[in-house]
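Here the structure comes first, spelled out in structure tokens, and everything after it is commentary.
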Amino acid sequence: MRTPRVEDSAATAYLACDAGSSSFKAALYEIEQPVPHEPLEPRWQGEIAWTRLPGSAAIRSQWRGQRIVESTLNLEERLSAPERLLSALGTSADRQFRIAVCAHRLVHAGQLETSPLRVTAAIKRTIAAAEALAPEHNALTLAGIDAAERARPQAIQYVVSDSAYHADMPLAASTYGVPAAWQKIWGIRRLGFHGISHGYSAARCAHLAHAPLRALKVVTCHLGNGCSLAATSAGASIDTTMGWTPMEGLVMGQRSGTVDPGIVLYLIERGRYDAAELRRVLNDESGLKGISGLSGDMRELLDAVAEGHPNATLAFDVFVHRVRAGIGAMAASLGGLDILCFTGGIGEHAHEVRQAVCSGLEFLGIELDDDRDAAAVPDCVVSRESSRATVFVIRARETWEIARQCAIAFADKVLR
Numbered sequence: 331m332r333t334p335r336v337e338d339s340a341a342t343a344y345l346a347c348d349a350g351s352s353s354f355k356a357a358l359y360e361i362e363q364p365v366p367h368e369p370l371e372p373r374w375q376g377e378i379a380w381t382r383l384p385g386s387a388a389i390r391s392q393w394r395g396q397r398i399v400e401s402t403l404n405l406e407e408r409l410s411a412p413e414r415l416l417s418a419l420g421t422s423a424d425r426q427f428r429i430a431v432c433a434h435r436l437v438h439a440g441q442l443e444t445s446p447l448r449v450t451a452a453i454k455r456t457i458a459a460a461e462a463l464a465p466e467h468n469a470l471t472l473a474g475i476d477a478a479e480r481a482r483p484q485a486i487q488y489v490v491s492d493s494a495y496h497a498d499m500p501l502a503a504s505t506y507g508v509p510a511a512w513q514k515i516w517g518i519r520r521l522g523f524h525g526i527s528h529g530y531s532a533a534r535c536a537h538l539a540h541a542p543l544r545a546l547k548v549v550t551c552h553l554g555n556g557c558s559l560a561a562t563s564a565g566a567s568i569d570t571t572m573g574w575t576p577m578e579g580l581v582m583g584q585r586s587g588t589v590d591p592g593i594v595l596y597l598i599e600r601g602r603y604d605a606a607e608l609r610r611v612l613n614d615e616s617g618l619k620g621i622s623g624l625s626g627d628m629r630e631l632l633d634a635v636a637e638g639h640p641n642a643t644l645a646f647d648v649f650v651h652r653v654r655a656g657i658g659a660m661a662a663s664l665g666g667l668d669i670l671c672f673t674g675g676i677g678e679h680a681h682e683v684r685q686a687v688c689s690g691l692e693f694l695g696i697e698l699d700d701d702r703d704a705a706a707v708p709d710c711v712v713s714r715e716s717s718r719a720t721v722f723v724i725r726a727r728e729t730w731e732i733a734r735q736c737a738i739a740f741a742d743k744v745l746r
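For the record, in the sequence shown the residue sitting at position 394 is 724 according to the working numbering, with numbers rising by one throughout.
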């Protein structure tokens with residue numbers, strides 16, 4: 331396919347990469363200064379998503395204004411996804427765009443909270459050392475960095491922390507009920523994740539509401555294969571559901587969410603599992619997949635619920651219960667609620683989930699408009715005019731937010 335030719339401009343091109351638990355995404359943005367408030371559409375975007383078939387993945391890519399190119403490929407090794415996807419961008423793009431920065435979502439690097447941060451050999455070692463804390467993400471992030479370095483050697487590599495948005499949470503919200511030495515020695519505390527999404531979504535809601543974010547109490551619900559909630563007050567995160575790792579909190583696609591630590595101790599002491607096997611089961615065989623015995627994909631579960639499958643119905647009910655309870659907890663931390671936001675694959679597309687979650691939250695001033703919600707196309711409002719709290723559905727734009735943060739830092743000469 332021909333690479334679109336663009337006129338020479340003062341814009342800088344940023345290649346943003348998002349290593350997720352169910353996909354690897356990349357997008358190319360041209361950003362002029364000052365950085366616009368409205369999100370830009372990428373010049374090019376691509377995604378490789380894992381399928382249920384072993385060794386198989388779906389790849390799709392698109393240049394702006396051209397048709398989507400889709401195919402299925404054999405992908406025995408998950409870590410080869412970044413190289414395969416970036417090859418779809420094509421070397422001819424280098425002659426058309428000033429790709430100055432390749433920026434990567436960084437899920438977990440221990441206490442590393444400076445963001446954006448230039449990639450060095452030491453940063454790579456730090457990411458690798460934290461792989462056990464985010465096994466679905468960190469190895470893929472490193473593979474993305476390596477692939478981008480090979481494909482775009484002229485570009486500078488940066489990481490954008492997924493926890494930075496939560497870095498200033500109050501100690502009461504970030505401290506575990508464990509010996510203080512654990513934090514002093516190992517830095518164990520509640521870090522929170524999906525910060526790139528939560529920060530963007532809260533700011534986007536405020537912009538659409540024509541109100542300053544610092545004046546609003548916002549609960550954002552990032553619901554996808556991974557799920558978390560965050561409470562934003564005075565423009566900053568003050569509470570969230572994920573903790574030291576992305577395993578804590580809500581029930582997710584394949585991750586368990588919060589479980590009684592006594593269960594883990596019991597299984598280890600009885601010799602049922604060792605730590606490595608428990609890590610695999612809690613990350614890959616639990617959540618919606620574990621409860622239903624069918625799938626961790628909400629789309630497939632909704633079909634099964636419609637057919638009367640009891641375990642799929644239970645999985646749906648557990649998921650909704652945890653999200654609804656979490657929203658109540660976030661609102662309690664905020665001392666009220668002005669905006670409730672749904673984002674992520676489930677949050678944007680599963681109106682059945684939004685309707686079930688909001689049912690019973692009337693005490694928080696939430697009145698969902700069922701007709702609006704069923705027809706929702708992000709970014710939009712789905713609450714009634716009479717609702718005291720406004721309910722938004724916001725398109726997740728993590729690659730844009732990654733590029734935007736780097737562009738702002740680049741303008742401020744932080745990234746030079």
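Positions of the beta carbon are idealized from the N, C-alpha and C atoms, including for glycine.
When C-alpha distances from E407 are compared across A510, C432, L470, the shortest belongs to L470.
A343 and E368 have their C-alpha atoms some 17 angstroms from each other. For W374, the enclosing beta strand (DSSP E) stretches over residues 374–380. By the neighbour-count criterion, in which a residue is buried when 16 or more other Cβ atoms sit within 10 angstroms of its Cβ, Q392 is buried. Considered as a whole, the stretch 527–568 harbours 547–553, 557–563 as its complete beta strand (DSSP E) runs of no fewer than 3 residues, in chain order.
By the neighbour-count definition (other C-beta atoms within 10 Å, threshold 16), T550 is a buried residue. In the DSSP annotation of this structure, the continuous segment of the alpha helix (DSSP H) that includes D703 starts and ends at 700–704. Beyond the five residues adjoining it in sequence on each side, E630 comes within less than 8 angstroms, by CB distance, of L624 in the same chain, given in chain order. Within the DSSP bridge table, the entry for Y506 names no partner. A direct Cα-to-Cα measurement between G573 and A510 gives close to 16 angstroms.
Its chain contains G556, C557, G617 as the residues whose beta carbon lies nearer than 6 angstroms to that of M582, once the 5 sequence neighbours on both sides are disregarded; these appear in chain order. Taken in chain order, the whole alpha helix (DSSP H) runs of length 4 or more contained in the stretch 387–462 are 411–419, 423–426, 451–459. Beta-bridge pairing by DSSP links T720 to I669. CA-CA distance, L664 to V589, rounds to 25 angstroms. Counted as a single uninterrupted DSSP element, the alpha helix (DSSP H) harbouring V653 occupies residues 640–664. Contact between the stretch 345–362 and the stretch 397–407 is not established, with fewer than three Cβ pairs separated by less than 8 angstroms.
Of all alpha-carbon atoms in E731, A741, D627, the one lying nearest the alpha-carbon of L370 is that of E731.
Rounded to the nearest whole angstrom, the CA to CA distance from R397 to Q375 is 12 angstroms. Between A356 and A341, the C-beta gap is not smaller than 8 angstroms, which leaves the two residues out of contact. Non-local beta-carbon contacts of H524 in its own chain, meaning distances under 6 angstroms to residues more than five positions away in sequence, involve H552, S558 in chain order.
The three-state reading of DSSP puts E360 in strand, counting E and B together. Per the C-alpha coordinates, the member of G517, A642, R610, E715 positioned closest to S622 is A642. A497 sits in coil when the DSSP states are folded into three classes, being neither helix nor strand.
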